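Chemist: One structure follows; several queries about it will come next.
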Amino acid sequence: MIKNKKEVDQVISKFIGKKGSLIPLLQEVQNFEKYLSKDTMRYISEKTGVHLAQIYGVATFYTMFRLKPQGKHVIRVCKGTACHVSDANTILKAVNSELKLENGNDTTKDGLFTVMEVACLGCCSLAPVIMVDDNTHGKLTPEIIGEVLKKYK
Amino acid sequence: MTTIKVGLASCGLAAGAGEVLTAIEKHLAGKKHKIEVKHTACIGMCFAEPLVEFVSENNESIIYGYVEPEKVGKLIEDYLTGNPQKENVVISDILDAAENKNYAKQERIVLRNCGRINPESIDDYLANNGYKSLEKAIKEMTREKIIDEMKKSGLRGRGGAGFPTGLKWQFAYNSKSDKKYIVCNADEGDPGAFMDRSVLEGDPHSILEGMAIGAYAIGADEGYIYCRAEYPMAIRHLEKAIADARERGFLGSNIMGTDFNFILHIKEGAGAFVCGEETALMASIEGERGMPRIRPPFPAQSGLWGKPTNINNVETFANVAWIILNGSAAYSKFGTKKSAGTKVFALAGKIKNSGLIEVPMGMPLKDVIYGVGGGMKTDKPFKGVQLGGPSGGCVPAHLLDTIVDYDSITSTGAIMGSGGMVVMDTGTCMVDVARFFLNFTQNESCGKCTFCRVGTKRMLEILTRITEGKGKMEDLDTLQDLATNIIKGSLCGLGQTAPNPVLTTLKYFKDEYIAHIVDKKCPAGVCVNLMKYEVIEDKCVGCTACARKCPVKAISGSVKNPHFIDQDKCIKCGICFDVCKFNAIQKS
């Protein structure tokens, strides 16, 4: 199902016919749809004439695109080199345990949080780091994760 | 008038610079102090964030670090009464400061404006020789002369490969076409590197100016900045810089009254490391999956949409305006014969002064780490430094006399790369680090070449096995074998360099691999499958400190009774070990 059909139509008409516009088109659609559902991709394909296979190919190639619904807040746990040597794995485990995420689930049942692992947030001097929505939190320890996440609950 | 500058780059904000700024504004509100508060970006001393700089009328500066919002009021008042506080001074030209000596060893060309000017103000940039270089280039120099200057400067591509920039421009210039493009690669994907982020956030106009000069030289009239979406502030600053430059006539049609036209777009990356490779980057700008293409044809002959295209990295472009304004001779004065100029490094890991530095090429690694970088952060000794991210390698302690230049670093098995330097101490397991990088590259492999796609996966499986204590000695030969074949059988830099971290750790830290395989031990105490935490019942007094601190509630037990750690729940974070005052937790 497409939630914001009007907005999707607007984005399509903004980019249609412009060269190299598939990625920004999908980015903008995802901004308000929160993820790219099968229906959304099919609809974009019908409207733009771009093959569905090509849209799906691009959507699955780049880590930014999500094919599943996403929580209200996105937690990006940095797994960059500096964070890795500063024990990012324990931070990730503490986040998952705080949010009671198990068995590879990345979104909480109440739909409040989605946890993602990212390659590097570029704040290496503050490792280990997580980013909740657009806010970066650095110099973390497993004990303070609960406190950090409380602000978003 | 006194100026107070607050560093508001991503790293500063994460450390609380926003709260410090609010506290300063609140303190000054309603008072009649003659103080101007300015925003700036990252000066590179990230370890001491939040940073606040006081600049007097006579341009004397004091930079304070570790500033707390509650204490800024007193900091300001003490400064104004002529008794500036002496604690937490990081750099100053009038006071003794911890980092004065280390800072003096730097040469700042790329970072000339970072942390000094307000990146969102084109007037600040103009007041610091901004766009003078572009004016000189398009009004006084021929295209050939510019390319010649770039060649003479000896500048080599700062993205990592080190191809001479002037020569690259020459190729694009030589291609005959009605349309050409210039592209800035700002898809800084190396984990552990943040040089480009800091320049984009702190001095976006220098990139615009460098690109405009390049466009003029090769005959392009359109350009793209391909910036990763994980850098929202960089994108915001670039957007503002482009809008301001257009308004003032430094971009657009008939720039500065000449017949030179140049328009610039930003393309947000969508998260794919391989897009740092130039042909994959172009595929991504065209809206496709970012998969590398076979070269030749090189981008200079057939690039974006089949047109001649020149691609340089952020740091390369940041050098251009300085070189054109000051001349190639002034630039090649720095550095070594084959690697001229300076290089920006992002210091991270177990180093004291983590942050951003710029040093002349030719400086020994030892001086970078122990001099400019201030040495180790922990009391554990130095073990190795990872250069060049997942494409690079680990340089061990006995090679720290190696100098920073493309060829010397390559001879160790690492690469210069884009400038990430992650320092590791004896608490870092090298097998785990190699596994970490392989995990990254196999995830990011685009899948086009079989050896890269399948080979890195097999290498990762072997490394994982070793870190779990299930390795065999013949695994080491298989790793070596796979590495050689992946290098030979891959089309682009990602695959060709992916085995480097394994090869260098095998070369310099083979005994650690053997310890994992034969003794089933991780000497650094990192590999969780080879260790566990247990309570020594006789020593445990039941104070409950460990149970309260355990982030996953793996410790159970009642007051004054010995506690117990549930090994299935334990994440081996070591907090119980650290908090126990009775040495009742043992690590084995």
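The listed protein sequences correspond, in order, to chains A and B.
For the first sequence, my numbering puts the final residue at 153, and the numbers step up evenly by one.
For the second sequence, my numbering puts the final residue at 1588, and the numbers step up evenly by one.
Backbone N, C-alpha and C fix where the C-beta goes; we use that ideal spot for every residue, glycine too.
Quick caveat: nothing in here was measured; it's all calculated off a predicted structure.
The beta strand (DSSP E) spanning B/R1236 covers which residue range?
Modeler: No beta strand (DSSP E) holds B/R1236; the alpha helix (DSSP H) holding it covers 1232-1247.
Chemist: Pick from B/D1367, B/V1541, B/D1568: whose alpha carbon is nearest that of B/K1581?
Modeler: Considering only B/D1367, B/V1541, B/D1568, the residue with the shortest C-alpha distance to B/K1581 is B/V1541.
Chemist: Return the residue from the list B/E1444, B/G1362, B/V1183 that minimises the CA-CA distance to B/D1407.
Modeler: Comparing Cα positions, the closest option is B/G1362.
Chemist: Among all the DSSP beta bridges, which residues are the ones paired with B/G1393?
Modeler: B/L1387
Chemist: Measuring CB to CB, does B/D1432 end up less than 7 Å from B/C1492?
Modeler: no
Chemist: Are the CB atoms of A/G71 and A/G111 nearer to each other than 7 Å?
Modeler: yes
Chemist: Got a sec, what are the start and stop residues for the beta strand (DSSP E) B/A1346 sits in?
Modeler: 1342-1349
Chemist: Is it buried or exposed for A/H84, if we count other Cβ within 10 angstroms and need 16 for buried?
Modeler: That one is buried.
Chemist: Ends of the alpha helix (DSSP H) at A/R42?
Modeler: 38-48
Chemist: Pull up the distance between the alpha-carbon of B/D1259 and that of B/A1215, whole angstroms please.
Modeler: 13 Å
Chemist: So if I threshold CB-CB distances at 8 Å, which residues from the segment 1095-1108 of chain B count as touching chain A?
Modeler: none
Chemist: Taking C-beta pairs closer than 8 Å, name the residues in chain B that A/V85 reaches, listed in chain order.
Modeler: G1349, K1350, V1422, M1424, T1428, V1433
Chemist: Taking 7 Å as the threshold (C-beta atoms), are B/K1380 and B/K1352 in contact?
Modeler: no
Chemist: Taking just the CA atoms, how far does B/A1270 sit from B/L1208?
Modeler: 22 Å
Chemist: Can you list the residues of chain B that A/Y62 reaches, using a CB-CB cut of under 9 Å?
Modeler: Within chain B, the residues near A/Y62 are G1269, A1270, G1271, A1272, C1275, S1284, R1289, G1290.
Chemist: Look up B/E1025 in the DSSP assignment and say whether it is helix, strand or coil.
Modeler: helix
Chemist: Hey, does A/L92 have any beta-carbon neighbour from chain B nearer than 7 Å?
Modeler: It does not: the Cβ of A/L92 has no partner Cβ on chain B nearer than 7 Å.
Chemist: Please classify B/K1488: is it buried, with 16 or more other beta-carbons within 10 angstroms of its beta-carbon, or exposed?
Modeler: exposed
Chemist: Do B/I1266 and B/L1238 have their C-beta atoms closer together than 7 Å?
Modeler: yes
Chemist: Mapping DSSP to helix, strand and coil, what is A/Y62?
Modeler: DSSP places A/Y62 in the coil class of the three-state scheme, outside both helix and strand.
Chemist: Once the 5 residues before and after B/T1040 are set aside, which same chain residues still bring their CB inside 8 Å of it?
Modeler: Only K1005, V1006, G1007, L1008, E1053, G1115, R1116, I1117, N1118, P1119, G1202 meet the Cβ criterion.
Chemist: For the segment 1433-1452 of chain B and the segment 1528-1537 of chain B, state whether three or more C-beta atom pairs, one from each stretch, are separated by less than 8 Å.
Modeler: At 8 Å Cβ cutoff, the stretches do not touch.
Chemist: What are the boundary residues of the alpha helix (DSSP H) that B/Q1480 is part of?
Modeler: Bounds of the alpha helix (DSSP H) holding B/Q1480 are 1474-1488.
Chemist: For A/N89, which of helix, strand or coil comes out of DSSP?
Modeler: helix
Chemist: Closer than 7 Å, Cβ to any Cβ of chain A: which residues of the segment 1148-1170 of chain B, in chain order?
Modeler: none
Chemist: First and last residue of the alpha helix (DSSP H) that includes B/H956?
Modeler: Beyond the ends of chain B as shown, which are 1001 and 1588, falls residue 956 of chain B; an answer cannot be given.
Chemist: If you follow the alpha helix (DSSP H) that B/S1056 is in, where does it begin and where does it stop?
Modeler: Premise fails: B/S1056 is in no alpha helix (DSSP H) and is neither H nor E.
Chemist: Judging by CA-CA distance, which residue of B/A1172, B/S1302, B/S1588 is the nearest neighbour of B/C1522?
Modeler: B/S1588
Chemist: Starting from B/K1267, trace the alpha helix (DSSP H) both ways and give me its first and last residue.
Modeler: Note, B/K1267: premise wrong, no alpha helix (DSSP H); beta strand (DSSP E) at 1263-1268.
Chemist: Name the DSSP bridge partner or partners of B/L1356?
Modeler: B/A1346
Chemist: Could you list the residues in the segment 113-141 of chain A with a C-beta less than 9 Å from some C-beta on chain B, going in chain order?
Modeler: V118, A119, C120, L121, G122, C123, C124, S125, L126, A127, V129, M131, D134, N135, T136, H137, G138, K139, T141
Chemist: So what does B/I1225 bridge to, in DSSP terms?
Modeler: B/C1184, B/I1266
Chemist: Anyone know if the C-beta pair for A/V8 and A/I2 falls short of 7 Å?
Modeler: yes
Chemist: Using a Cβ cut-off of 7 Å (strictly closer), state whether B/A1280 contacts chain A.
Modeler: no
Chemist: What's the C-alpha gap between B/G1417 and A/K79?
Modeler: 19 Å
Chemist: Kindly list, in the order they appear in chain B, the residues whose Cβ is closer than 9 Å to that of A/T81.
Modeler: D1190, P1191, G1192, A1193, A1348, G1349, Q1386, G1389, P1390, G1420, V1422, V1433, F1436, F1437, F1440
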